[in-house]
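Written below as structure tokens is the structure these notes are about.
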Amino acid sequence: MKNFKRIFASALVLVMALTVAACHPKNEIAVTVGDIEFTSAYYMCALINADSEAKSKVQEELSDDESSTDIDYYSKKVDGKDFVTWVEDTAMDSLKKIAAYKTLCKENDLEISEEDASNAETYASYYWSNYGYSAYFEPNGVGENTYKQYMKDSYYSSVYFEHLYCKDGTKEIAADTVKSKMYETFVIADMLQASFSEKSEDEITEIKDKFNNYVTELKDGKKTFEEVYVDYNGPSEENEETESEEPKPKDKYASVLGPEDSAYESDQYETVKAMAVGEVKLIELDDNAGLIIAVKQDITADSYYIDNLDLATRHLIADDEFEKDIETYAGKMKCDVNNYAVKQFKVKKIKEPSAS
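Take a look at the structure:
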């Protein structure tokens, strides 16, 4: 009798599982914004990304006496909202914006280039296989194809932005305005960095002595930055025969540094920006993480950057207006939510990969 009850219970569980699966068919439409349809898996993909963003925001706001290893996220607020509410709202807002971008591109006969579509596929596959994304998304019902589509759709915002603000765009920003903003904002510097991670005290002392000596030699003109760089890192293994024919900066050691929220955001931006061209500075990283030697260069002396930083600069100029207009447009689009499909996904039940 007991065995019969066990068999009956197991069969009942199986029937219930099959029933649930049947109630939520593959490619079930969860949200429709305008004419753009999003499947349940796509909605879950947006929910996972919103959850990850919310957790990052919570971690950034932790006080010095709070541990980041054992956080009760659901008791926290994000931008004044309860954690779960923020995640759900952000996921839905992201779908509305994607629908807005895709709709506006369609209305203007715009499409993602074959190169960008291929890049989206490549990046998605790489993240999926090499960054552990599969272990995060698959247990939550999101397959690789859905993630690839989500990645591809993210390119529509760039397509529409360029249609508006780049050369010959309907809201084209004048080249002189872009150039002025570029030189006002971005800086370049030759930078040599040493990390103290996993180094002994003796090794750290040796690195500090070496870097101080480099700084002296650079300031006195006894060595060029290239000589210092090669002395520390060893000779480059570049194969000149296979080098790309793409335009390159005059100074191959120069790094672009930009402000927060720019495409070239750097922790060293403010320090380098305050330096004079040609000035050499030894920068000590926070928490004794390492050292950086920075030699500021003249960004205006190399025309390479006029083209290379063009789009990043246009974003600095127009992003606020662009995002506000998209939010307004998306807010006016008709949004139909299949509550039966959406309510099966709970923020608190998002599965995370177990730590190995």
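The opening residue of the sequence shown carries number 43 in this note's numbering; numbering runs sequentially from there. Using N, Cα and C, we set each Cβ at its ideal position, and we do this for glycine too.
Would you call residue i buried or exposed, if buried means 16 or more other Cβ atoms sit within 10 Å of its Cβ?
i	result
K385	exposed
Y173	exposed
D93	buried
D232	buried
Y207	buried
N381	exposed
E287	exposed
A236	buried
T145	buried
N187	exposed
K393	exposed
V62	Low confidence applies here, because V62 scores a pLDDT of 40, under 50, leaving its location unreliable; read the following figure in that light. The residue is exposed, with fewer than 16 neighbouring Cβ atoms inside 10 Å.
Please determine, among the options, the residue with the shortest C-alpha to C-alpha distance to residue i.
i	options	result
S308	V229, E326 and S242	V229
F364	I71, D349, S155 and T212	T212
A336	T342, D344, E326 and A343	E326
E70	I392, V379 and P395	V379
S98	I113, H205 and Q310	I113
A88	D77, W128 and D124	W128
M86	V120, A133 and K119	A133
S396	E214, L299, S176 and N275	S176
I154	Y347, S200 and E259	S200
Y189	V298, Y295 and N91	N91
R356	D210, E204, W170 and T266	E204
N275	K264, Y256, D131 and P289	Y256
A372	S304, D135, V126 and G122	D135
Y198	L137, V126, K376 and A296	L137
Y84	K123, E180, D151 and D158	E180
L260	C147, K148, V322 and M375	V322
F125	C147, Q101 and K148	Q101
A96	E130, L299 and C377	E130
I368	G122, C147, A162 and Y306	C147
So residue i packs on residue j, CB below 8 Å; how close in whole Å?
i	j	result
Y116	K388	11 Å between Cβ atoms; not a contact.
L234	V270	6 Å
G320	K338	7 Å
Y225	T342	6 Å
S304	L358	6 Å
Comparing the CB of residue i with every heavy atom of the ligand NAD, is any distance shorter than 7 Å?
i	result
E240	Looking for the ligand NAD in the displayed structure turns up nothing, as the structure carries no ligands at all.
How is the alpha helix (DSSP H) around residue i delimited, first residue to last?
i	result
V389	Counting along the chain, V389 falls outside any alpha helix (DSSP H), and DSSP gives it neither H nor E.
T74	No alpha helix (DSSP H) contains T74, which is instead part of the beta strand (DSSP E) from I71 to V75.
F253	E243 to D262
E163	E156 to N172
M193	E186 to D195
Just reading off the beta strand (DSSP E) that residue i is part of, what are its end residues?
i	result
D378	C377 to V379
E326	V322 to E326
I78	I78 to T81
D218	Run containing D218: none in the beta strand (DSSP E); it sits in the alpha helix (DSSP H), A217 to T227.
G332	G332 to Q339
With a threshold of 8 Å, are at least 3 pairs of Cβ atoms found where one atom belongs to the region 162 to 178 and the other to the region 193 to 203? Segments in contact, yes.
Does the region 352 to 363 touch the region 218 to 232, meaning 3 or more C-beta pairs lie closer than 8 Å? Counting Cβ pairs under 8 Å, three or more are found: they touch.
Can you confirm whether the region 297 to 315 touches the region 239 to 249 when touching is taken to mean that 3 or more C-beta pairs between the two stretches lie within less than 8 Å? Touching, no, given that fewer than three Cβ pairs across the two stretches are closer than 8 Å.
Three or more C-beta pairs under 8 Å: does that hold for the region 238 to 245 against the region 356 to 375? By the Cβ rule, the region 238 to 245 does not count as touching the region 356 to 375, because fewer than three pairs are nearer than 8 Å.
Would you check if the region 132 to 141 and the region 72 to 87 touch, i.e. whether three or more CB-CB distances between them fall below 8 Å? Between the region 72 to 87 and the region 132 to 141, the count of Cβ pairs shorter than 8 Å is three or higher; the stretches touch.
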